[in-house]
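Start counting the sequence shown at 1; every next residue gets the next number (the working numbering). For glycine and all other residues, C-beta sits at the position ideal for the given N, C-alpha and C. From a predicted model like this one, the values you see are computed outputs, not experimental measurements. Written below as structure tokens is the structure these notes are about.
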Amino acid sequence: MPGIGAGVSAGDLERRPQWVQLTGVTGKRLTVALVMAALSIMVTVWAFHALSSFLFLLLLAWLLSIAMEPMVQWLIKRGIKRGVASAIVLFGMMIASLGIAALLGQLFVAQAQQLRDAFPTAVSEAVRWVNETFDTSFNVNQIYANLQLTPERVGQLAQQYGGGLLGVFGSVVTVIAQLVTILVFAYYLSADSIRLRQTIGSWMPQRHQPVLVTIWSIAVEKTGGYVVSKLILALLSAVFHCVFFLIIQVPFWLPLGILAGIVGQFVPIIGTYIGVILPGLFALLDQPIKVLYIIIFATIFQQIESYWFTPKVSNKTMDIHPAVALGAVFVGVGLFGPIGALIGIPVAAAALSIVDTLRRRHELMPELSELQDDDGSDEYDSDGD
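Next comes the structure, spelled out in structure tokens:
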């Protein structure tokens, strides 16, 4: 009977996997490599935290540049060079913003400060009105305690998040420096986008460059259109809410109308109703019947917006599932604070446009393709490869 090693040739033995034996030299090299890798990770994490504020400004600049892109492309098609077109669009946006600020800025700041000071008292008065009207016994101090809030803390939060335009970034000097940073980088990201694309492409093999071109073009086009459409819809919503609040004489109608317009667009599904909670609170303390007017207006405006404004403004832009958009808002707030609610959806739109570009869809098996919603409709888009 042949032994265990019989029939095994020398070539078979050579082809067998060999365990790495750590000699003195090999062990030192591996140790050095592991230490260098750990140091590299630590330096990268430290640099990311140290530059987090600057990287956040770059993110805002990039979002601004892709928001400019549809207008820049419109000017380029009419024979204007990209650099000049980017400057025209950026300066146009700045002039429009300064004009609105000059027209309504002083009134907005004054009402925002009054709103901040009146908010704690308004909460107490609202609880008192509910107790008297519905024969309840809610205690405002107990409510604050359950929410781990105090009247002073409520005032601090109102001052932090509602104390004017400076509440987002800090001091006046910081605001100016950050705005200049955003505008400068937004201009260069827009004006030199072709050169930037070529530079990144030069780092990749030619077989991978078509993927870069496709991803970049579609992502910027779809995301830019989405951002612009959301800004237009937010502007329309803010204008209509401000005018309506002014007509029915809601206190602090300007900041409350702007808040309702922005929240209604950047918080999907329930944003319209969340946006009118605060106006409803102050309307309740002024004249309770105004709350009913606000509810009726919000319901009617949401229908007009859904069936009239949105299809006309967003007919050529990408669509985001409401659940994904709502999750993007929560993630944005968790990462960046209040301003994250505004940039969460655009960032998600950019990510989804890239995924949509690279996706590969397959045909469904019969058991899945025959599934239907409760209303009998089949919403699956069978564009499989």
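7 Å CB neighbourhood of residue i in its chain, flanking five on each side removed
i	result
alanine 298	Thr272, Tyr273 and Val276
glycine 83	Ala191
phenylalanine 245	Trp253, Leu256, Gly257 and Pro279
valine 313	Ser229, Ile232 and Leu233
alanine 61	Ile182, Phe185, Ala186 and Leu189
phenylalanine 56	Phe336
proline 251	Phe282 and Asp286
glycine 264	Ser237, Gly271, Thr272 and Gly275
isoleucine 262	Ala234 and Ala238
proline 322	Pro268 and Ile269
leucine 209	At residue 209 the sequence reads glutamine, which differs from the leucine that was named. Only Gly201 meet the Cβ criterion.
arginine 29	none
Per-residue burial, residue i [other beta carbons within 10 Å of its own, 16 or more giving buried]
i	result
alanine 350	buried
leucine 290	A small correction: the amino acid at residue 290 is lysine; leucine does not occupy that position in the sequence shown. Burial call: buried.
leucine 166	Confidence in leucine 166 is poor, its pLDDT being 44 and thus under 50, which makes the residue's placement too unreliable to answer from.
alanine 191	buried
histidine 241	buried
glycine 92	exposed
lysine 222	buried
serine 52	exposed
leucine 259	buried
proline 346	buried
alanine 112	buried
serine 382	Its pLDDT being 46, under 50, serine 382 is placed unreliably in this model, and the value from its coordinates should be taken loosely. Exposed: under 16 other Cβ atoms inside 10 Å.
alanine 38	exposed
glutamate 132	exposed
glycine 79	exposed
phenylalanine 48	exposed
glycine 332	buried
phenylalanine 330	exposed
phenylalanine 301	buried
Whole-Å CB distance - residue i paired with residue j, under 8 Å assumed
i	j	result
alanine 186	leucine 34	About 41 Å separates the two Cβ atoms, so there is no contact after all.
alanine 219	serine 353	4 Å
alanine 348	isoleucine 320	6 Å
leucine 59	isoleucine 343	7 Å
arginine 195	tryptophan 216	The Cβ separation is near 13 Å, so there is no contact.
Contact set for residue i: own chain, Cβ-Cβ below 8 Å, skip 5 residues either direction
i	result
glycine 224	Ile66, Ala67, Met68, Glu69 and Pro70
methionine 365	none
leucine 107	Leu254
valine 89	Met68, Met71, Val72, Leu75 and Ser190
valine 211	Leu358
isoleucine 388	The structure shown has nothing for residue 388, since the chain only spans 1 to 385.
isoleucine 200	Leu212
glycine 162	Unreliable placement is indicated for glycine 162, whose pLDDT of 48 sits below 50; the coordinate value is still reported in the next sentence. Hits under 8 Å: Ala112, Leu115, Arg116, Phe119 and Pro255.
Residues near residue i by beta carbon distance below 6 Å, same chain, minus five either side
i	result
glutamine 114	none
valine 249	The displayed chain sequence assigns glutamine, not valine, to residue 249. So the list is empty, once near-sequence residues are dropped.
valine 140	Ser124 and Val127
alanine 85	Val72, Leu75 and Ile76
Proximity test, residue i beta-carbon vs the ligand PLP heavy atom, cut-off 7 Å
i	result
aspartate 356	Here there are no bound small molecules, and the ligand PLP is not part of this structure.
Item to complete: Count the C-beta pairs between the stretch 306-315 and the stretch 225-239 that are closer than 8 Å, then say yes if the count reaches three, no if not.
Response: yes
Worksheet entry | alpha helix (DSSP H) segments (min. 4 residues) lying fully within the stretch 181-267 | 193-202, 209-247 and 253-266
Practice prompt. Mind the definition here: the stretch 257-270 touches the stretch 325-339 only if three or more C-beta pairs lie below 8 Å; say whether that holds.
Written response: yes
Worksheet entry | the stretch 105-122 in contact with the stretch 217-228 per 3-pair CB rule at 8 Å | no
Worksheet entry | Sufficient close CB pairs (3 or more, under 8 Å) joining the stretch 198-210 to the stretch 94-106 | no
Practice prompt. Flag this pair as touching only if the stretch 280-287 and the stretch 124-140 have three or more C-beta atom pairs under 8 Å; answer yes or no.
Written response: yes
Worksheet entry | Length-filtered (4 minimum) alpha helix (DSSP H) runs lying within the stretch 277-362 | 277-286, 289-304, 310-313, 322-336 and 340-358
Worksheet entry | Ordered list of alpha helix (DSSP H) runs contained in the stretch 85-122, each at least 4 residues | none
Practice prompt. Would you list, in sequence order, the uninterrupted alpha helix (DSSP H) runs of no fewer than 4 residues that lie entirely inside the stretch 36-80?
Written response: 52-76
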